[in-house]
Every structure is written in structure tokens, then in C-alpha cells.
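Beneath this line is the structure, given in C-alpha cells, with notes to follow.
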Amino acid sequence: MAQDGKLRFGLVGAGGIAQSYAQAFDQCSGARLVAVADVRPEAAKAMGEAFNCPSFDSHEAMAKAGKLDGVIVCTPPISHPEICVSFLEKKVPVLCEKPLSIDSASARRMIETAKKAGVKFTMASKFRYAEDVVRAKGIVMSGILGDIVLFENAFTSRVDMSNRWNSKSEVSGGGVLIDNGTHSVDIMRYFLGPVSEVHVVEGKRNQGLEVEETVRIFVRATSGVLGNIDLSWSINKELDSYINVYGTQGTVSVGWRESKYRQSSSRDWVVFGKGYNKVQAFASQINNFAGAIRGEEALLITAEDALASVEVIEAAYADLRRSHWVPVGEKPGDPALARTPA
Ligand SMILES: NC(=O)c1ccc[n+]([C@@H]2O[C@H](COP(=O)([O-])OP(=O)(O)OC[C@H]3O[C@@H](n4cnc5c(N)ncnc54)[C@H](O)[C@@H]3O)[C@@H](O)[C@H]2O)c1
Numbered sequence: 000m001a002q003d004g005k006l007r008f009g010l011v012g013a014g015g016i017a018q019s020y021a022q023a024f025d026q027c028s029g030a031r032l033v034a035v036a037d038v039r040p041e042a043a044k045a046m047g048e049a050f051n052c053p054s055f056d057s058h059e060a061m062a063k064a065g066k067l068d069g070v071i072v073c074t075p076p077i078s079h080p081e082i083c084v085s086f087l088e089k090k091v092p093v094l095c096e097k098p099l100s101i102d103s104a105s106a107r108r109m110i111e112t113a114k115k116a117g118v119k120f121t122m123a124s125k126f127r128y129a130e131d132v133v134r135a136k137g138i139v140m141s142g143i144l145g146d147i148v149l150f151e152n153a154f155t156s157r158v159d160m161s162n163r164w165n166s167k168s169e170v171s172g173g174g175v176l177i178d179n180g181t182h183s184v185d186i187m188r189y190f191l192g193p194v195s196e197v198h199v200v201e202g203k204r205n206q207g208l209e210v211e212e213t214v215r216i217f218v219r220a221t222s223g224v225l226g227n228i229d230l231s232w233s234i235n236k237e238l239d240s241y242i243n244v245y246g247t248q249g250t251v252s253v254g255w256r257e258s259k260y261r262q263s264s265s266r267d268w269v270v271f272g273k274g275y276n277k278v279q280a281f282a283s284q285i286n287n288f289a290g291a292i293r294g295e296e297a298l299l300i301t302a303e304d305a306l307a308s309v310e311v312i313e314a315a316y317a318d319l320r321r322s323h324w325v326p327v328g329e330k331p332g333d334p335a336l337a338r339t340p341a
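Take the sequence shown: its letter number 63 is residue 62 in numbering that gives the first Met the number 0, and every next letter is one higher.
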């Protein structure tokens, strides 16, 4: 623990998302950034200088330099199991960026290691900490929207992925489905509980990638609620909202700039929240992790939640590999109408 009573956290990975964490530490009551490691020493050094903490060229070197109260893993997915297990075995709690891992076998191994070591282990999923999302869940849970029937989510934006690890399946585990879909699945589970079935269809590829760039996912929650999720690196749907939950008596819409709900008994929308605030979401996520390490609060995302996300994405890829499309004009199972071979 630091002299100011804050927990001492290290970051592994000094790339894009690590910058968001580093900025969020400024607003954190529970923890401070005291070390950063990256296999690109120049990236670690630049971040260490910017945020006034020592830098290391490997997570092993960072671990050797002194015991940390927690670690946040911000490296590409394929490296998550090795890095997380190495810290968990040293009894250092870990907050691992999404996706926890690219397959459920390694996710289970990570969770087992954390259990054996008796330390906290969780997956980052920033939207659960966004104030508007939390308030929208409260509205859904209050019952004022009636019986929930449909959940919709979209994360779409044009981004050239041709030179990024995100489109190399050996590093990322797949394409937009695992990259953005992990957020979607976790949000849907947050609102609606466990997911029982998933079906995915893929859209056109425009970037010539070896992985899917655009997908539409259909998810059924155990409760029977249907989810419809659109993900793309190739188009931008230009939507004001990213989550819509429809009930028999109303709708709640979580937006990038503001959020709102309307009960069918009323003509007016009730506006709430100020939209998505990245620094607030990341700071809340770090504070929840720190609070859980101190034993003051429960983790918002349990290791089991993290595993469930990995399992839904794994099932989604199994479905994507099978073709469920029926050619128009073909009537399977109806010999009288079946086309005769040429
Ligand atoms: N929560 C979010 O909104 C969000 C957004 C983007 C990325 N992510 C996730 O964060 C993780 C990192 O993504 P990114 O966009 O920051 O990637 P990035 O490529 O920008 O940064 C990754 C960094 O990790 C370093 N690295 C790679 N292997 C390493 C290792 N073994 N030890 C130490 N450093 C290593 C790289 O050199 C690089 O600097 C991924 O899991 C990604 O899915 C989450």
C-alpha cells in the first residue's frame, strides 16, 4: 500500500488501452499507478515518464522489482493466460482486459489458479461501470418497462484493422466477434442474466481480412429474452444509442451523449445521464477492483462472469463455422420440391 493509503497497481502493456487506465488513475480514490511493463521498452519508458513511475521491459522484471497490490493486464489476448497466471501464482490480484482469453480451457486454468492462490481475479468490461448503463439496469430491474422482450446493442465503426493484431486470429482469437462482441455479451448478461443460446451471421468483408469484419449476433437469455447485436469494423451505423432494452410497457435507450426511457403510458421520454464518460468508467472499474482487494466490496464482474463471456464467444464461433443458410428455392426435406441435379 502507498503512503496515502492507496493500493499500488502495475500495468502490463503500455499500448492504447493502457493510456485510458493511466489517465483514470488520476480520478481513483482506491489505487495509484506505480509501475508499467511492456515488451517494447520505449513504450514502457514513455508511459513511466508521463505518469511518473518506473518502467520495465517485461512483466517478470516488474514482478521482481517489488510486491504490487494488484496488476492490470493490457496486452493482446493470446498473452493473457501466461501473464495472469504468473502474477496469480505470486498471489498478486489481477484485472485482465477483455477478452479474458481466446478459449474456455485457458480461462478455466486462470480461474483455477486464482482460486488456489486465494486472490481476486476479474475481467475488464468498462461498460458495466458506465453510470448511464448502471442507471439503465436499475430502470429495467425496477419493472417499470414491464416484461423485457428484446435487447439490442451495436458497436460499429469504420476502422482499418489490416495492420493490427486485432485481425490476426492467432493473437486475438478471431475478428470483430471476439474483439467487440465480448463487451456486448457481458453487457447483455449484466442486464438479463445467463445466456443460453447464440447464433451468428457474417456480413461482407471489405478490408480483405482473414477474420470476420461484420457480424449480426442473435442471443437468447435463459429468461427467454432475445438479444440482437450488430458489430462491425467496416461500417458505422451512426446510432445515438448503443443499448436499447424493450419491454411490454416501455423502452430504455443508453446513448453516447445522453440516455432516456419512455413508459408506454407516457408520451414523453425521460432523459437521464450525460452519456458515456470513458475516464469515469475506467476509474470506477479500478476502484471496484481495489475495493474488492481490500475486502470492502464485491467484484462487479466475477471470475465466473468472465468465463461465461468466453464461453458465449466460443459458442458463437462454433455457430459461425457452421452454415445455417438455406439457399432460396431449395426445400430441404421435401423430395417433391427438391431441385433435380443438372
Ligand atoms: N476495454 C476496452 O474498451 C478495450 C479497448 C481496446 C483494447 N482492449 C483490450 O486491451 C488489450 C490491449 O489492447 P490495446 O488496444 O491496448 O493493444 P495495443 O497493441 O495498443 O497495446 C498492447 C501492448 O502490449 C504490449 N505487449 C504485448 N505482449 C506483451 C507481453 N507479453 N508483456 C508485456 N507487454 C506486452 C505491446 O508491446 C503493446 O504495447 C486487449 O486485450 C484488448 O482487447 C480493451
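Cβ coordinates follow ideal geometry from the N, Cα and C atoms, glycine included. These figures come from a predicted structure and were not determined experimentally.
- M109 and S308 have their C-alpha atoms spaced approximately 14 Å apart.
- When rounded, the separation of the alpha-carbon atoms in R293 and N287 is 10 Å.
- Taking a cut-off of 8 Å for Cβ pairs, the stretch 146-153 and the stretch 215-224 touch, as three or more such pairs fall below it.
- Its Cα nearest to that of I143, the residue T247 stands out among T247, A289, G274.
- Linking Y128 to V327 through their CA atoms gives a straight-line distance of about 45 Å.
- Between the C-alpha atoms of V132 and G332 there is a straight-line separation of about 46 Å.
- Here the stretch 58-76 makes contact with the stretch 93-101; the two share three or more CB pairs at distances below 8 Å.
- Ligand 1 approaches P75 closely enough that one of its heavy atoms is under 8 Å from the residue's Cβ.
- Contact between the stretch 298-308 and the stretch 45-62 is absent: fewer than 3 CB-CB pairs across the two stretches fall below 8 Å.
- Judged by pairs of C-beta atoms under 8 Å, the stretch 21-34 touches the stretch 264-284, as three or more such pairs exist.
- Per DSSP, C95 is one residue of the beta strand (DSSP E) stretching across 93-95.
- For the pair V139 and E111, the Cα-to-Cα distance works out to about 34 Å.
- For M187, the closest C-alpha among the options G173, A297, Y245, W164 is that of Y245.
- With three or more CB-CB distances shorter than 8 Å, the stretch 309-323 counts as touching the stretch 171-181.
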